[in-house]
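Peer 1: Okay, handing you the structure first.
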Amino acid sequence: MKHRGRHRRRRRGRALRAFLAGTALALTGAATMISASQATVTGSPGALKPVSSATESATLRLKENLVPRGTLDRLSSEMGRPVGVGAVLDDADHSLRDAISCTGGERGALPVEPTATRAFCWDADDTRSWRPGAVTTSGDADDDGIWGQNRVILSGWSRNDNESTGLSNSQAGVTAGRGLAKVAFVDANDPSHLTYTWVLLVVPVDGGRDYRALSSQLTGMVWYQDKLLVTATGEGRTALYAYDMNRVQRTTVDTGAVGRVRGGWAANGSRYVLPAVASYRLTGSEAVRPGTISLDRSTAPDSLVASERPPSDSDRPALLSRYSLGADTTGTRAGLLATDSAGRASPSDVYETKADDIGGVLSYRSDWYLARTGDPDDAHGTLWRQTADGAQATRCGPEKHRDCWSPDAGALSYWEETGEVWSQSGRMLFALPLASMDRALG
């Protein structure tokens, strides 16, 4: 278990330079240059518009609900002592393939400009019928980029048994009670050989005597201190769930069921489950729907930023919001949102954006980066940098098209220690320097 009550800005010494140098990939040819026949994004979203109305900001207020300690302790007592992240990594039974071993179709999910400097692909058999969505790293968890003795990447996936596969994140939805959400715990200590194992996200029920699957499409995750915050888009008014990374539980029965079964505990074939310790419910308008999230370490205190996804039949702008994270670094509230005496988390900043189909959001200093999903004709997406003064998009090709980002834009996660932004699209997990994003944006 690792708690850090202060953020230490370590110098990037020889070890870090070697780490970065040893992981750089020549991926210039990995993303095929888009043709002139592809449609460009029409119009710019323009400048962010601050929302000053207290009434409108109140639509994004969250109410915290903590799972009783007795419920969690009962589950641990029934299942056995929880294990830590290190134990899960030691049990890794799958490997990611380096980009050079990926197919041309898989590499087509990479951005055209800027190009990825590191890229890996997931095994098709291991991810078939699952959709990638969220990504976060130990760079979010702690500012030195290490959790315990490990560098870790977490990759979130979701499945809805009621739907056919092949839909993009923006098209997908999860029917409550039929979805599954799991996270790949990736051992990133050896940058040339990433290994991982699956952990199913669950919610305790019946006072900790059982658990159910998290019925949600994962579109965002933030690992902050010892908590993992994930979006919940198929759970009614619940917007976020929180998980304690020190409470990973081993399963005992390998079956497709989820929960307590004859002979022990099952998790749809996963060897581990992570039970929720808290949830955050939207208290405002029914029209507000959660989108994706990321961590911003450039604020004081550190903050969680979120994009909101308006209903498909609405023409109103999407909302971007910021929530402060709590100051408690070693107690029971470590890693959770800052709340008032009534357990409410209110956004400190809210903006309107005219950008649509937002698959990834990132805020750093005064800039907001929005990754827009490509159009249904399989065109690449668009990466916008939006501020209070205007918006810029990455451009590529002879005609300087804007559709240069991943076709199915996923969540963005900034690993501040290395200067890299991690994301995933299709079966590709990739990273590229934030500095290269800024250069491509002009």
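Just so you know, the numbering used here puts 210 at position 208 of the sequence shown, and the rest follows in order with no gaps.
Using N, Cα and C, we set each Cβ at its ideal position, and we do this for glycine too.
Please read these numbers as outputs of a predicted model, since none were measured by experiment.
Short of 6 Å in beta carbon distance, which residues of its chain neighbour SER39, apart from the five on each side in sequence? Order them along the chain.
Peer 2: Here the question's residue 39 lines up with position 37 in the sequence shown. Only weak support exists for where SER39 lies, its pLDDT of 34 falling under 50; the coordinates are left without a value.
Peer 1: In whole angstroms, give me the CA-to-CA distance for ASP359 and LEU327.
Peer 2: For the purposes of this step, residue 359 is identified with residue 357 of the sequence shown, where counting begins at 1. For the purposes of this step, residue 327 is identified with residue 325 of the sequence shown, where counting begins at 1. The alpha-carbon atoms of ASP359 and LEU327 are separated by roughly 26 Å.
Peer 1: Let me confirm a value: GLY45 is counted as buried when at least 16 other C-beta atoms fall within 10 Å, else exposed. Which label applies?
Peer 2: The residue you call residue 45 lines up with position 43 of the sequence shown. With fewer than 16 Cβ atoms within 10 Å of its Cβ, GLY45 is classed as exposed.
Peer 1: With a cut-off of 8 Å on the beta carbons, I'd call GLY337 and GLN227 a contact; round off their distance for me.
Peer 2: Translated into the one-based positions of the sequence shown, residue 337 becomes position 335. Translated into the one-based positions of the sequence shown, residue 227 becomes position 225. Going by Cβ atoms, the distance from GLY337 to GLN227 rounds to 4 Å, so yes, they are a contact pair.
Peer 1: Pick from TYR198, ARG63, PRO47 and GLY48: whose alpha carbon is nearest that of LEU339?
Peer 2: For the purposes of this step, residue 339 is taken as the residue at position 337 of the sequence shown. It is ARG63 whose Cα lies nearest to the Cα of LEU339.
Peer 1: What's the call for LYS184, buried or exposed, on a 16-neighbour Cβ count within 10 Å?
Peer 2: Position 182 of the sequence shown holds residue 184. When all chains shown are included, LYS184 counts as buried.
Peer 1: For LEU220 and VAL201, what's the separation of their Cα atoms in angstroms?
Peer 2: On the sequence shown, position 218 is the one that residue 220 refers to. On the sequence shown, position 199 is the one that residue 201 refers to. Answer to the nearest angstrom: the Cα atoms are 14 Å apart.
Peer 1: Which complete alpha helix (DSSP H) runs does the stretch 115–159 hold, if anything under 4 residues is left out?
Peer 2: Within the stretch 115–159, the complete alpha helix (DSSP H) runs of at least 4 residues are 126–129 and 140–143.
Peer 1: Compare the C-beta of SER281 against all C-beta atoms of chain B and say whether one is closer than 8 Å.
Peer 2: No chain B appears in the structure shown, which is made up of a single protein chain.
Peer 1: Does the beta-carbon of THR375 have 16 or more other beta-carbons within 10 angstroms, so that it is buried, or is it exposed?
Peer 2: For the purposes of this step, residue 375 is taken as the residue at position 373 of the sequence shown. Buried, since its Cβ has 16 or more Cβ neighbours within 10 Å.
Peer 1: For GLU310, report the span of its beta strand (DSSP E) as first-last.
Peer 2: As a working mapping, residue 310 is identified with position 308 in the sequence shown. Counting along the chain, the beta strand (DSSP E) containing GLU310 begins and ends at 305–310.
Peer 1: Is GLY317 helix, strand or coil by DSSP?
Peer 2: In the sequence shown, the residue the question calls residue 317 occupies position 315. Gly is not the amino acid found at residue 317; the sequence shown has Asp there. Correct three-state label for ASP317: coil.
Peer 1: For the beta strand (DSSP E) that THR458 lies in, which residues bound it at each end?
Peer 2: Absent from the model: residue 458. The displayed extent of the chain is 3 to 444, so no value can be given.
Peer 1: Pull up the distance between the alpha-carbon of GLY72 and that of PRO313, whole angstroms please.
Peer 2: Residue mapping note: residue 72 aligns to position 70 of the sequence shown, counting from 1. Residue mapping note: residue 313 aligns to position 311 of the sequence shown, counting from 1. Straight-line Cα distance between these residues: approximately 38 Å.
Peer 1: Distance check for ARG283 and THR240, CA to CA, integer angstroms please.
Peer 2: Stepping through the sequence shown from its first residue, residue 240 is reached at position 238. Stepping through the sequence shown from its first residue, residue 283 is reached at position 281. Looking at the two C-alpha atoms, the distance is approximately 4 Å.
Peer 1: Out of ALA111, MET223, VAL204 and VAL224, point me to the one whose CA is closest to SER217's CA.
Peer 2: Within the sequence shown, residue 217 is the residue found at index 215, counting from 1. Nearest option by C-alpha distance: VAL204.
Peer 1: Between the alpha carbons of ASP93 and LEU276, how many angstroms are there, rounded?
Peer 2: Against the sequence shown, residue 93 aligns to sequence position 91. Against the sequence shown, residue 276 aligns to sequence position 274. Each residue's alpha carbon lies about 15 Å from the other.
Peer 1: Please report the Cβ distance between THR285 and LYS65, rounded to the nearest whole angstrom; I am assuming they are in contact, meaning their Cβ atoms lie under 8 Å.
Peer 2: As a position in the sequence shown, residue 285 is number 283, starting the count at 1. As a position in the sequence shown, residue 65 is number 63, starting the count at 1. The Cβ separation is near 5 Å, so the contact holds.
Peer 1: My parser needs the beta strand (DSSP E) runs of 3 or more residues fully inside the stretch 195–238; what are they?
Peer 2: Entirely contained in the stretch 195–238, the beta strand (DSSP E) runs reaching 3 residues are, in chain order, 197–207, 212–215, 223–226 and 229–233.
Peer 1: Would you kindly work out how many angstroms separate the C-alpha atoms of CYS104 and ASN191, rounded to a whole number?
Peer 2: Indexing the sequence shown from 1 puts residue 104 at position 102. Indexing the sequence shown from 1 puts residue 191 at position 189. Cα to Cα, CYS104 sits roughly 21 Å from ASN191.
Peer 1: Go to ALA442, then tell me how far its beta strand (DSSP E) extends in each direction, as first and last residue.
Peer 2: Taking the first residue of the sequence shown as 1, we reach residue 442 at position 440. Where ALA442 is concerned, there is no enclosing beta strand (DSSP E), although the alpha helix (DSSP H) it sits in stretches over 436–442.
Peer 1: Would you call SER438 buried or exposed, if buried means 16 or more other Cβ atoms sit within 10 Å of its Cβ?
Peer 2: Within the sequence shown, numbered from 1, the residue matching residue 438 stands at position 436. That one is buried.
Peer 1: Pick out whichever of ASP391, THR396, PRO435 and TRP149 has its Cα sitting closest to the Cα of LEU372.
Peer 2: Residue 372 sits at position 370 when you count from the first residue of the sequence shown. Selected option, being the one with the closest Cα: THR396.
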